[in-house]
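Data block below; observations after.
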Amino acid sequence: MTYDLTPAFAAAQDAADPLAATRADFHIPPGPDGRPTAYFCGNSLGLLPIAARAAVEAEFKSWETQAVEGHFHGEAPWMFYHKTLAEAEARIVGARPLEVVVMNTLTVNLHLLLVSFYRPTPTRYKVLMEGGAFPSDQYALESQARLHGLDPDEVIVELVPRPGEHTLRTEDIEAKIAELGDSLATIILGGINYYTGQVFDMAAITRAGHAVGALVGFDLAHAAGNIELKLHDWDVDFACWCTYKYLNSGPGGTSGAFVHERFANRPDLVRLAGWWGQDPKERFQMKKGFRPTPGADGWQVSCGQVLPMAVHKASLAVFEGVGGLAPLRAKSEKLTGYLEFWIKSLGLPANHLEIITPADPAQRGCQLSLLVHERGRELFDFLAAQGIIGDWREPNVIRLAPVPLYNSFEDVRRAGAALQTFFK
Ligand SMILES: *Cc1c(COP(=O)(O)O)cnc(C)c1O
Numbered sequence: 001m002t003y004d005l006t007p008a009f010a011a012a013q014d015a016a017d018p019l020a021a022t023r024a025d026f027h028i029p030p031g032p033d034g035r036p037t038a039y040f041c042g043n044s045l046g047l048l049p050i051a052a053r054a055a056v057e058a059e060f061k062s063w064e065t066q067a068v069e070g071h072f073h074g075e076a077p078w079m080f081y082h083k084t085l086a087e088a089e090a091r092i093v094g095a096r097p098l099e100v101v102v103m104n105t106l107t108v109n110l111h112l113l114l115v116s117f118y119r120p121t122p123t124r125y126k127v128l129m130e131g132g133a134f135p136s137d138q139y140a141l142e143s144q145a146r147l148h149g150l151d152p153d154e155v156i157v158e159l160v161p162r163p164g165e166h167t168l169r170t171e172d173i174e175a176k177i178a179e180l181g182d183s184l185a186t187i188i189l190g191g192i193n194y195y196t197g198q199v200f201d202m203a204a205i206t207r208a209g210h211a212v213g214a215l216v217g218f219d220l221a222h223a224a225g226n227i228e229l230k231l232h233d234w235d236v237d238f239a240c241w242c243t244y245k246y247l248n249s250g251p252g253g254t255s256g257a258f259v260h261e262r263f264a265n266r267p268d269l270v271r272l273a274g275w276w277g278q279d280p281k282e283r284f285q286m287k288k289g290f291r292p293t294p295g296a297d298g299w300q301v302s303c304g305q306v307l308p309m310a311v312h313k314a315s316l317a318v319f320e321g322v323g324g325l326a327p328l329r330a331k332s333e334k335l336t337g338y339l340e341f342w343i344k345s346l347g348l349p350a351n352h353l354e355i356i357t358p359a360d361p362a363q364r365g366c367q368l369s370l371l372v373h374e375r376g377r378e379l380f381d382f383l384a385a386q387g388i389i390g391d392w393r394e395p396n397v398i399r400l401a402p403v404p405l406y407n408s409f410e411d412v413r414r415a416g417a418a419l420q421t422f423f424k
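According to the UniProt record's numbering, the stretch in the sequence shown is residues 1 to 424, in order.
Here it is in C-alpha cells:
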C-alpha cells in the first residue's frame with residue numbers, strides 16, 4: 001500500500017473503508033477541545049460499545065422482575081449464561097466452543113490454569129517466559145514456584161533480546177527451549193508482548209515446546225481481538241486473556257480461558273475446583289466428590305458474573321457483525337502501516353525516536369511502541385492536550401494502537417500531524 005500525508009488521502013481511505021460504520025457502534029470520548037479524541041489506547045481499555053448498556057439493562061430487568069428465577073428463565077438464563085458466549089469467544093481465539101470458557105479475570109485464570117499446567121517434578125520444573133513480562137504475569141509465576149516450595153530464581157528462565165535488539169527472534173526462543181530440554185515444564189509467553197507489541201510465532205513455539213515434552217500456554221491479553229489466532233490448530237495447551245483491551249468489555253471485565261480439547265475429558269488433571277466446574281447434572285445434588293464437567297467449563301470455580309458477561313456479549317456481537325478478525329486485520333494492517341508512515345516521515349534518528357515494534361506486519365498487531373529517547377514525557381503530554389490518547393510506559397515508551405473497529409485514517413492523520421508540529 002502507498003500512503004501519503006495529505007488530508008485528502010485519509011478522507012479517501014475512510015470513504016472506501018468497509019468497516020467505517022462500526023465507529024458509530026462505540027462511544028468516543030470527547031477531547032479537551034470538545035471534538036472526539038483520536039483514541040489509540042484500546043490496548044489498555046477498549047471503548048464502550050453502545051449496545052452494552054441495553055445488554056446490562058436486560059439482565060437488570062430480569063433481576064428486577066424475576067429475581068432468583070432469572071437463573072432458569074428469560075432469554076439467557078444466568079445458570080448457563082457463559083454458554084451463550086462460547087461460540088463467539090471460540091471464533092475470536094480460533095478454538096472449538098468446548099475449549100473456551102468466559103470467567104473470572106485474567107490473572108486469576110492464569111493461576112487456575114497454571115495449577116493444572118505447571119506440575120513441576122524434581123527434574124522437570126523450569127518455566128520459560130519473556131524477560132520483562134507484564135508484572136502481573138511475573139508475580140503469578142513467582143508465586144506459583146513458591147506454591148510448589150521452589151525458588152523462583154531457580155524455576156523461571158527469561159528470554160531476552162540479543163544485544164542492540166528490542167524484540168525476540170523465534171530461532172532464539174526455539175534454541176532456548178531445546179537447551180532447557182527435559183528440565184522445561186511449562187512455557188508461558190504473551191501472544192503479543194505488551195511493551196514492544198511483538199507477535200510471537202505461537203505455532204512454532206508450541207511445536208518446539210512439545211518436542212521437549214513441555215506444556216505451552218499463552219497470555220493473550222494483547223492478542224485477543226487484535227490478531228487472528230488459531231489456538232486449536234496451533235495445538236496450544238492452554239491460554240487466557242482479558243476482555244477489556246481489544247475486546248472492549250469494560251474495566252475489570254470478565255476474562256477468557258482456553259484448554260485444548262485433548263484435556264477436555266481429563267478429570268485426573270489437578271485443578272482448584274468449585275461448584276460451577278462440577279458436572280451440572282450433579283451440581284445441585286450437593287454431594288461429595290468433584291467430577292468436572294467436560295472442556296474448559298470444568299475449570300470454572302464460582303457462579304458466572306452475569307453483568308460483566310452481558311457487556312462482553314454485546315461487544316462480541318460487534319465482532320460477529322463485521323465478520324470476525326479477518327476483515328479487521330485487513331484494515332488494521334493498513335491503519336498501523338499509515339501511522340508508521342507518518343512516524344517515519346518525521347525523519348528522526350533512532351537515537352532520538354525509534355519504533356521498537358517489528359516492521360513486519362505479520363509480527364505485530366495494532367500497536368506501535370515508540371521509544372522516545374528525548375522529551376518523551378513532554379511529547380506524550382503534548383499529544384494528550386490535542387486529544388490524541390495513547391499510553392505511557394516507563395521509562396520512555398509511548399504506545400499508540402489504532403484499532404480498526406473504531407479508529408479512522410483521519411484519527412491517524414491527526415496524530416501524525418501533531419507529531420510533525422511537536423518535532424518542527
Ligand atoms: C493487561 C494484562 C494483564 C492484566 O491482568 P488482570 O488480571 O486483568 O488485571 C495481565 N497480563 C498481561 C500480559 C496484560 O497485558
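Heads up, the beta-carbon is just placed ideally off N, CA and C, and yes, glycines get one too.
As the structure is a computational prediction, the values presented were derived from the model and not from experiment.
**ligand 1 heavy atom lying under 7 angstroms from the CB of Phe134** = Translated into the one-based positions of the sequence shown, residue 134 becomes position 134. It does: the Cβ of Phe134 is within 7 angstroms (strictly closer) of some heavy atom of ligand 1.
**Request:** Please look up how many angstroms separate the CB atoms of Asn104 and Ser255, rounded, as I've assumed it's under 8 angstroms.
**Result:** To locate residue 104, count along the sequence shown from 1; it is residue 104. To locate residue 255, count along the sequence shown from 1; it is residue 255. Yes, Asn104 and Ser255 are in contact; Cβ-Cβ is about 5 angstroms, under 8 angstroms.
**Asked** Out of Ala384, Ala239, Phe117, which has the shortest C-alpha to C-alpha gap to Arg266?
**Response** Translated into the one-based positions of the sequence shown, residue 266 becomes position 266. Of the candidates Ala384, Ala239, Phe117, the one whose C-alpha sits nearest the C-alpha of Arg266 is Phe117.
**Message:** Taking only three categories from DSSP, how would you classify Ser255?
**Reply:** For the purposes of this step, residue 255 is identified with residue 255 of the sequence shown, where counting begins at 1. Looking at Ser255 - three-state DSSP - the assignment turns out to be strand.
**Distance CB(Val212)-CB(Ala178) smaller than 8 angstroms** = Taking the first residue of the sequence shown as position 1, residue 212 is located at position 212. Taking the first residue of the sequence shown as position 1, residue 178 is located at position 178. The answer is yes: Cβ separation under 8 angstroms.
**Item:** Sub-8 angstroms separation of Gly416 and Trp299 beta-carbons
**Value:** Here residue 416 corresponds to residue number 416 of the sequence shown, with the count starting at 1. Here residue 299 corresponds to residue number 299 of the sequence shown, with the count starting at 1. Not closer than 8 angstroms, so no.
**Asked** Cβ of Thr357 versus every heavy atom of ligand 1: is any distance shorter than 7 angstroms?
**Response** Translated into the one-based positions of the sequence shown, residue 357 becomes position 357. No, since every heavy atom of ligand 1 falls outside the 7 angstroms radius drawn around the Cβ of Thr357.
**Prompt:** Which one of Pro395, Trp392, Gly337 has the shortest CA to CA distance from Asp4?
**Reply:** By one-based count along the sequence shown, residue 4 stands at place 4. Of the candidates Pro395, Trp392, Gly337, the one whose C-alpha sits nearest the C-alpha of Asp4 is Gly337.
**Asked** Does DSSP classify Phe200 as helix, strand or coil?
**Response** As a first step, residue 200 must be located in the sequence shown, where it is residue number 200. Phe200 falls in the coil class under three-state DSSP.
**Asked** Taking the Cβ atom as the reference point for each residue, do Phe40 and Ala401 lie within a distance shorter than 8 angstroms?
**Response** Sequence index remark: in the sequence shown, residue 40 carries index 40 (1-based). Sequence index remark: in the sequence shown, residue 401 carries index 401 (1-based). Yes; because the gap between Cβ atoms is below 8 angstroms, this pair is in contact.
**Request:** Can you say whether Ser302 is buried or exposed, counting buried as having 16 or more other CB atoms within 10 angstroms of its CB?
**Result:** By 1-based counting over the sequence shown, the position of residue 302 is 302. Counting Cβ neighbours within 10 Å, Ser302 comes out exposed, since fewer than 16 surround it.
**Message:** I want to check one thing, is the minimum distance from the CB of Leu106 to the heavy atoms of ligand 1 below 7 angstroms?
**Reply:** Looking up residue 106 in the sequence shown gives position 106. It does: the Cβ of Leu106 is within 7 angstroms (strictly closer) of some heavy atom of ligand 1.
**Prompt:** So what does Gln278 bridge to, in DSSP terms?
**Reply:** Taking the sequence shown and counting its residues from 1, the one referred to as residue 278 is at position 278. Paired residue(s): Pro292.
**Assigned exposure category for residue 464 - 16 Cβ within 10 Å defines buried** = The first residue shown for the chain is 1 and the last is 424, placing residue 464 beyond what the model contains.
**Request:** Starting from Lys230, follow the beta strand (DSSP E) in both directions and report where the run begins and ends.
**Result:** What you label residue 230 is simply residue 230 of the sequence shown in a count that begins at 1. From DSSP, Lys230 is part of no beta strand (DSSP E); its letter is neither H nor E.
**Prompt:** What is the DSSP secondary structure of Tyr139, counted as helix, strand or coil?
**Reply:** By 1-based counting over the sequence shown, the position of residue 139 is 139. Residue state, collapsed to three classes: helix.
**Message:** Mapping the DSSP letters down to three states, classify Ser62 as helix, strand or coil.
**Reply:** In the sequence shown, residue 62 corresponds to position 62, counting from 1. Looking at Ser62 - three-state DSSP - the assignment turns out to be helix.
**Message:** For ligand 1, I want to know if Gly181 counts as a neighbour, meaning its beta carbon is within less than 7 angstroms of at least one of the ligand's heavy atoms.
**Reply:** By 1-based counting over the sequence shown, the position of residue 181 is 181. No, the beta carbon of Gly181 sits no closer than 7 angstroms to any heavy atom of ligand 1.
**Burial state of Gly321 (16 or more Cβ within 10 Å)** = The sequence position of residue 321 within the sequence shown is 321, counting from 1. By the 10 Å Cβ count, Gly321 comes out exposed.
**Item:** Cβ-Cβ separation, His260 to Asn43 (assumed contact under 8 angstroms), whole Å
**Value:** As a first step, residue 43 must be located in the sequence shown, where it is residue number 43. As a first step, residue 260 must be located in the sequence shown, where it is residue number 260. 27 angstroms between Cβ atoms; not a contact.
**Prompt:** Rounded to the nearest angstrom, how far is the Cβ of Val127 from that of Leu141, given a contact under 8 angstroms?
**Reply:** Mapped onto the sequence shown, residue 127 falls at position 127. Mapped onto the sequence shown, residue 141 falls at position 141. Their Cβ separation, rounded to whole angstroms, is 6 angstroms, which keeps Val127 and Leu141 in contact under 8 angstroms.
**Message:** DSSP three-state label for Val93, please.
**Reply:** Numbered from its first residue, the sequence shown carries residue 93 at position 93. Correct three-state label for Val93: helix.
**Prompt:** The beta strand (DSSP E) spanning Val102 covers which residue range?
**Reply:** Within the sequence shown, numbered from 1, the residue matching residue 102 stands at position 102. Start and end: 100-102.
**Asked** Taking the continuous alpha helix (DSSP H) assigned at Met309, which residues delimit it?
**Response** The residue labelled residue 309 in the question sits at position 309 within the sequence shown. Start and end: 306-321.
**Asked** Between Arg23 and Gly324, is the Cβ-Cβ spacing less than 8 angstroms?
**Response** The count along the sequence shown starts at 1 and reaches residue 23 at position 23. The count along the sequence shown starts at 1 and reaches residue 324 at position 324. Taking 8 angstroms as the Cβ cut-off, Arg23 and Gly324 do not qualify as a contacting pair.
**Message:** Is Gly277 close to ligand 1? I mean its beta-carbon at under 7 angstroms from any heavy atom of the ligand.
**Reply:** Within the sequence shown, residue 277 is the residue found at index 277, counting from 1. No, Cβ of Gly277 sits at least 7 angstroms from all heavy atoms of ligand 1.
**Message:** Tell me whether Tyr406, by its Cβ, gets closer than 7 angstroms to a heavy atom of ligand 1.
**Reply:** To locate residue 406, count along the sequence shown from 1; it is residue 406. Not so, every heavy atom of ligand 1 lies at least 7 angstroms from the Cβ.
**Message:** Please determine whether the Cβ atom of Asp219 lies at a distance below 7 angstroms from any heavy atom of ligand 1.
**Reply:** Position 219 of the sequence shown, counted from the start, is the residue given in the question as residue 219. Because some heavy atom of ligand 1 lies under 7 angstroms away, the Cβ of Asp219 counts as near it: yes.
**Item:** Nonlocal neighbours in the same chain, by C-beta distance under 6 angstroms from Tyr194, ignoring five residues either side
**Value:** Translated into positions along the sequence shown, residue 194 becomes position 194. Phe134, His222.
**Item:** Arg364 beta carbon less than 8 angstroms from that of Gln198
**Value:** On the sequence shown, position 198 is the one that residue 198 refers to. On the sequence shown, position 364 is the one that residue 364 refers to. It is a contact, given that the beta carbons lie within the stated cut-off.
**Message:** At a threshold of 7 angstroms, does His222 count as lining ligand 1 (C-beta to nearest heavy atom)?
**Reply:** By one-based count along the sequence shown, residue 222 stands at place 222. Checking every heavy atom of ligand 1 against the Cβ of His222, one is found closer than 7 angstroms.
**Request:** Count the CB pairs spanning the segment 95-103 and the segment 154-169 that are closer than 8 angstroms, and state whether there are at least three.
**Result:** no
**Same chain only: Cβ atoms within 6 angstroms of Arg414, ignoring 5 sequence neighbours per side** = Reading the sequence shown from its first residue, position 414 is the one you call residue 414. So the qualifying residues of the chain are Ala38.
**Request:** Within its chain, find whatever has a CB closer than 7 angstroms to the CB of Ser136; leave out the 5 residues flanking it on each side and keep chain order.
**Result:** Reading the sequence shown from its first residue, position 136 is the one you call residue 136. Thr107.
**Request:** Please classify Lys126: does DSSP put it in a helix, a strand, or coil?
**Result:** Locating residue 126 in the sequence shown gives position 126, where the first residue counts as 1. Strand.
**Prompt:** What's the C-alpha gap between Tyr81 and Val68?
**Reply:** Position 81 of the sequence shown, counted from the start, is the residue given in the question as residue 81. Position 68 of the sequence shown, counted from the start, is the residue given in the question as residue 68. Spanning the two alpha carbons is a distance of roughly 14 angstroms.
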